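Numbering (the numbering used here), first residue to last: 110 to 503. Below: the structure, in structure tokens.
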Ligand SMILES: Cc1cc2nc3c(=O)[nH]c(=O)nc-3n(C[C@H](O)[C@H](O)[C@H](O)COP(=O)(O)OP(=O)(O)OC[C@H]3O[C@@H](n4cnc5c(N)ncnc54)[C@H](O)[C@@H]3O)c2cc1C
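Now the structure itself:
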């Protein structure tokens, strides 16, 4: 048995755990990072068509962790956002909401290809001096009052704090007996990339339909496909299942019925992905010598692309709470992190939930009210600015 003393163990090297490891290592913490998946230092994965919307407020965290400069494909700035309401096969309602980045002086954020984030994080993890990386591997964690033993193969790492960054099904959260509440939506999202004839001009479209939002997010083009967008096509479960396996020509007709002609002719690039949608929140963010971050702590409806942004804000808050702490696993430190993050995450979760329920209805009076609401907000520059700054994570 090999024994080693480190400061913090992070289980899960997804975008949240990976960023946390780099941010803590940059501040001199000795970090163990374990993931059950392989994390190759160099990879050249094929285009997969998924994009993350990263809010402007989270870019600084990526930059200080060294991830931003390592992104292999240029992020695409989101300059404007169009929010429209409608029905499948009809033109959107004329009462719409338009957010222009010039009102806040900066891009709202960026769409970054999922593989680009993965490649950049993995590259930096292998270069980072203070990160002990074990992947593919599983960890057995035994916590006590003073710290935890993390068993990985025939090694034991003694740490002061264990961070669960394992995503929604976090085994560490379950082992600690932290309860979760789930809010099912009976919706699934079909995700893919679309190459189109006309440029998107950095405009993100959020088109609300009774089955769920249809989002078209601007991506950086490639040599073969100069005009590219990432689509998150939300529908009721049964229809989403059919869309996921539908033959291409019929699938393109379903897209045309929702997108209309704003991007000219289009075609799907790469494969389709499907995710069942469900909001989820943990009742506590910490237990003895254990803390939850990212999707291990919360899952929101992807209606406004805020899931990863909340996880990155968790990272920034945890790094801040741990700064200068002699014992990073001490209860007051973890309590301060929970007090900082849980109310904000809960507010976002409930806001996204309300938005989805408000727009996923065909009830005529409610449709009229929300269209009038969109048009009214569109005429209120102060309120619009507040919305924009919130979406930007500021
Ligand atoms: C349809 C859809 C669209 C979305 N779009 C956006 C968007 O545009 N913008 C946005 O900000 N967010 C978006 N999200 C949310 C976003 O995908 C998540 O919030 C984000 O991936 C959470 O990151 P994470 O690192 O916490 O967890 P994950 O990405 O789930 O990573 C968890 C990691 O832990 C590892 N792991 C799990 N269990 C173990 C274990 N026991 N031992 C070791 N390793 C383990 C896994 O291999 C993985 O690497 C979207 C989500 C969905 C479903």
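Every residue gets a Cβ at the ideal spot worked out from N, C-alpha and C, and that includes glycine. Owing to the predicted nature of the structure, the values given are computational and were not obtained by experimental measurement.
Please classify residue i: does DSSP put it in a helix, a strand, or coil?
i           : result
residue 150 : coil
residue 67  : Because the chain spans 110 through 503 in this model, residue 67 falls outside it and cannot be assessed.
residue 211 : helix
residue 292 : strand
residue 409 : coil
residue 156 : coil
residue 266 : strand
residue 221 : strand
residue 131 : helix
residue 115 : coil
residue 196 : coil
residue 188 : coil
residue 228 : helix
residue 125 : helix
residue 141 : strand
residue 180 : coil
residue 172 : helix
residue 380 : strand
Classify residue i: buried if its beta carbon has 16 or more other beta carbons within 10 angstroms, exposed otherwise.
i           : result
residue 128 : buried
residue 343 : buried
residue 310 : exposed
residue 197 : exposed
residue 295 : exposed
residue 368 : buried
residue 59  : Any answer about residue 59 is impossible in this case: the structure gives the chain only from 110 up to 503.
residue 404 : buried
residue 110 : exposed
residue 340 : buried
Could one say the Cβ of residue i lies closer than 8 angstroms to chain C's Cβ atoms, at least one of them?
i           : result
residue 439 : This model lacks chain C altogether, as it is built from one protein chain only.
Could you tell me whether the region 417 to 434 touches the region 443 to 456, using the rule of 3 or more Cβ pairs below 8 angstroms? yes
With a cut-off of 8 angstroms, do at least 3 Cβ pairs link the region 302 to 317 to the region 372 to 382? yes
Would you be able to state if there are at least three C-beta pairs under 8 angstroms between the region 187 to 196 and the region 234 to 246? no
Is there contact between the region 283 to 293 and the region 347 to 366, where contact requires at least three CB pairs shorter than 8 angstroms? no
Length-filtered (3 minimum) beta strand (DSSP E) runs lying within the region 300 to 378: 312 to 318, 321 to 328 and 337 to 345
Please specify which runs of the beta strand (DSSP E), each continuous and at least 3 residues long, are wholly inside the region 235 to 261, giving them in chain order. 240 to 243, 249 to 252 and 257 to 261
4-residue-minimum alpha helix (DSSP H) runs that sit fully inside the region 407 to 467, ordered along the chain: 416 to 431
I'd like to know if the region 157 to 165 and the region 251 to 262 are in contact, where contact means that at least 3 CB-CB pairs between them fall below 8 angstroms. no
I'd like to know if the region 138 to 155 and the region 166 to 173 are in contact, where contact means that at least 3 CB-CB pairs between them fall below 8 angstroms. no
Are the region 321 to 336 and the region 271 to 280 touching, with three or more C-beta to C-beta distances below 8 angstroms? no
Does the contact criterion of 3 or more C-beta pairs under 8 angstroms hold for the region 132 to 143 versus the region 387 to 399? no
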